[in-house]
Amino acid sequence: MKQNVKLHLIFLVLGFGGYLSYYCVIAQTNYWRKFYSNTTLTVFSMVYAVFEMIGCLVAIPLDKKFQPRVFPILHFTISIFALVVIVPMRQIENYYLKCILTALPIGFCAFTASMFYPCMISCATRVNPILSSTLQVGVGLSSIVIQTVEDLISIYFSHYDTEEEYERLLVLNAISYYVTGCVILALCFVMWFVFAKQFPNATRKAPPQQKKVLSNDSQPIPELSVTNTSADLLVGDVDSSSIQLPITENKQSIARRIMPLGIALLFNYVTCTIIFPLFALNVPSRIGAYKYNEPYSDWWSLIYLTIIQLSDFCGRMLPLSKKFVDFVSRKTVICLCYAKTVFLVLFPLMSLPKAVVLNEMVQKMPVISSDTLSIICAVLYAFFSSLLPTLGYIKYQDNLDTDEEKDKGSFVLNIFLECGLFGGSLVGVGLIPVFE
Numbered sequence: 000m001k002q003n004v005k006l007h008l009i010f011l012v013l014g015f016g017g018y019l020s021y022y023c024v025i026a027q028t029n030y031w032r033k034f035y036s037n038t039t040l041t042v043f044s045m046v047y048a049v050f051e052m053i054g055c056l057v058a059i060p061l062d063k064k065f066q067p068r069v070f071p072i073l074h075f076t077i078s079i080f081a082l083v084v085i086v087p088m089r090q091i092e093n094y095y096l097k098c099i100l101t102a103l104p105i106g107f108c109a110f111t112a113s114m115f116y117p118c119m120i121s122c123a124t125r126v127n128p129i130l131s132s133t134l135q136v137g138v139g140l141s142s143i144v145i146q147t148v149e150d151l152i153s154i155y156f157s158h159y160d161t162e163e164e165y166e167r168l169l170v171l172n173a174i175s176y177y178v179t180g181c182v183i184l185a186l187c188f189v190m191w192f193v194f195a196k197q198f199p200n201a202t203r204k205a206p207p208q209q210k211k212v213l214s215n216d217s218q219p220i221p222e223l224s225v226t227n228t229s230a231d232l233l234v235g236d237v238d239s240s241s242i243q244l245p246i247t248e249n250k251q252s253i254a255r256r257i258m259p260l261g262i263a264l265l266f267n268y269v270t271c272t273i274i275f276p277l278f279a280l281n282v283p284s285r286i287g288a289y290k291y292n293e294p295y296s297d298w299w300s301l302i303y304l305t306i307i308q309l310s311d312f313c314g315r316m317l318p319l320s321k322k323f324v325d326f327v328s329r330k331t332v333i334c335l336c337y338a339k340t341v342f343l344v345l346f347p348l349m350s351l352p353k354a355v356v357l358n359e360m361v362q363k364m365p366v367i368s369s370d371t372l373s374i375i376c377a378v379l380y381a382f383f384s385s386l387l388p389t390l391g392y393i394k395y396q397d398n399l400d401t402d403e404e405k406d407k408g409s410f411v412l413n414i415f416l417e418c419g420l421f422g423g424s425l426v427g428v429g430l431i432p433v434f435e
């Protein structure tokens, strides 16, 4: 019992560090708007998706050359480095050079994360398949904890009188925030070594499994002669013990078996990355516009992002219930992925045209202007965006038999997910001009 609890704690912490660097970047919306631009996060999200896609494609050949234990060490080291160098980059005067040099460490984090996560899924399935759900909960927990830390730091540094003081507080906010992230990543680093020491076999490559051949007393199987006629068989010239039909195994490839679920999850991620952050973080507050003349205030952005992260966490928690996982079928997961098309309609209507307030008068608001509806859509969008991939990482194992197939399957499924992230991010960047 204690061992089981310890394992869940270890994978919770490891999941915490999986995408921590990405959540740290996303949560600093006010910092990016001030020192970069309003659409910087969308560009960085695309960079993250591109590097994650590249990492996903090279992960399979690298997995053949390196032991799985290499990927977590590489991921945590680069993530810590990225969080350390982000804040000093703001001092670069050339805007485009500043963006490129800031995007590179963020991209390298994505590159290592795309190899780290399938590796951890593989390790989890070797020890206990339910640990893959714990890993997803860790990812969701990191998003909500990091967002809460950002909210608390923002409250502490919220009092300012001049623009210069506001910039100074944003920098102090970012430094405090990224230092906290580095400490958490260091803890994840330590936890990985604890797991590798206690379960060394889980952090090594699974040995190739031999195909089972049916035989009597392990003797060679005699071949069936096809030269004998039916008459020969009738008179008994052929010994019945020598008649052995060949046993052939006609299985579909791993990619083929995963494909229907993989394509649905790909579409899910396309939807996610088109909506967030470009549309989701540009939804104005109706109350803020009409009551305070600030439709895009810093506090509204923080509140809206916090709601999204909370809902994301809830979506990752639900699959911890075995009854729920057994109740939901693969077909249900696939149908829900495609049903998310409705958000591709609602979020653009809630964010376009951009809200405009002049001389304390609201001149323009989006087609749909309702804070209540905006929050409901944010909750449902984030909840299903995390629930469906979490279920996908569990359900993909249903059609795979051996540990070796599940290891390869985790990388194959990851390719589908990264293609979705890349495609959606590319579309999101293409839509940036509508907000400028």
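Number 353 in numbering that gives the first Met the number 0 belongs to position 354 of the sequence shown; there are no gaps in the numbering. C-beta atoms are modelled at their ideal positions from N, C-alpha and C, and glycine is treated no differently.
- DSSP places Leu425 in the uninterrupted alpha helix (DSSP H) bounded by Asp402 to Gly429.
- Tyr116 and Gly17 have their C-alpha atoms some 7 Å from each other.
- Between Val126 and Asp397, the alpha-carbon positions lie close to 17 Å from each other.
- At the C-beta level, Ala123 and Phe194 stay beyond 8 Å of one another.
- Under the three-state reduction of DSSP output, Gln27 falls in the coil class, being neither helix nor strand.
- Residues Pro259, Leu260, Lys394 and Asp397 of the same chain have their beta carbon placed closer than 8 Å to that of Arg329, with the five preceding and five following residues left out of the count.
- The alpha-carbon of Cys334 is positioned some 21 Å away from that of Lys321.
- Two segments are said to touch when three or more pairs of C-beta atoms, one from each, lie closer than 8 Å; by this definition the stretch 178-195 does not touch the stretch 105-112.
- Straight-line measurement puts the Cα of Phe323 at about 52 Å from the Cα of Asp160.
- Per DSSP, Leu319 is not a residue of any beta strand (DSSP E), being assigned neither H nor E.
- Boundaries of the alpha helix (DSSP H) around Met258: Ile253 to Ile273.
- Counting of Cβ neighbours within 10 angstroms places Ile414 among the buried residues, the total reaching 16 or more.
- Closest by C-alpha distance to Cys313, out of Ile274, Asn267, Asp325 and Val378, is Val378.
- Non-local C-beta neighbours of Phe43 in its own chain, meaning closer than 7 Å and more than five positions away in sequence, comprise Val24, Ala102 and Ile105, ordered along the chain.
- Boundaries of the beta strand (DSSP E) around Gln362: Met360 to Lys363.
- One thing to note: Val341 has its Cβ no nearer than 8 Å to the Cβ of Leu351.
- For Val189, there is no enclosing beta strand (DSSP E); the residue is part of the alpha helix (DSSP H) that begins and ends at Glu162 to Gln197.
- For Ala354 and Ser369, the gap between their C-alpha atoms comes out near 12 Å.
- When only Cα atoms are considered, Gly422 and Ser385 end up about 18 Å apart.
- A distance below 7 Å between beta-carbons, with the five flanking residues on each side excluded, links Tyr176 to the following residues of its chain, in chain order: Cys23, Gln27, Val148, Glu149 and Ile152.
- Taking one beta carbon from each stretch, the stretch 264-272 and the stretch 418-435 have 3 or more pairs nearer than 8 Å; the two touch.
- Spanning the alpha carbons of Ala279 and Pro87 requires a straight line of approximately 28 Å.
- The Cβ atoms of Tyr35 and Leu169 lie no closer than 8 Å to each other.
- Residue environment: Ala48 is assigned as buried (16 or more neighbouring CB atoms within 10 Å of its CB, all protein chains considered).
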